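In my numbering, the protein residues as written are 3 to 65.
All C-beta atoms, glycine included, are put in the ideal place defined by N, C-alpha and C.
As the structure is a computational prediction, the values presented were derived from the model and not from experiment.
Just below is one structure, and these are the notes that go with it.
And the structure:
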């Protein structure tokens with residue numbers, strides 16, 4: 003038998019998820035109430051201090 007997945011060990015699910023279960027529904031940030039900081043990460047607005055240059059790319063069709 004296979005060992006439990008991290009999600010199973012956390013009690014989030016009682017079985018290993020199939021590919022269909024994992025990717026069957028996409029949650030968009032406007033459909034889910036994200037905390038402000040998480041929204042910044044999703045929109046790639048957080049700068050990495052260790053990098054000398056933080057390049058931005060304004061995606062026209064991303065959102």
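How would you write the range of the alpha helix (DSSP H) that residue i sits in, first residue to last?
i          : result
residue 52 : Neither: residue 52 is in no alpha helix (DSSP H) and is coded neither H nor E.
residue 41 : 38 to 44
residue 25 : 21 to 25
Does DSSP classify residue i as helix, strand or coil?
i         : result
residue 8 : helix
For residue i, which residues from the same chain have a beta carbon less than 8 Å from its beta carbon, with the 5 sequence-adjacent residues on both sides left out?
i          : result
residue 16 : 10
Whose C-beta lies closer than 6 Å to the C-beta of residue i among residues of the same chain, with five residues either side of it excluded?
i          : result
residue 48 : 42
residue 18 : 7
residue 44 : 31
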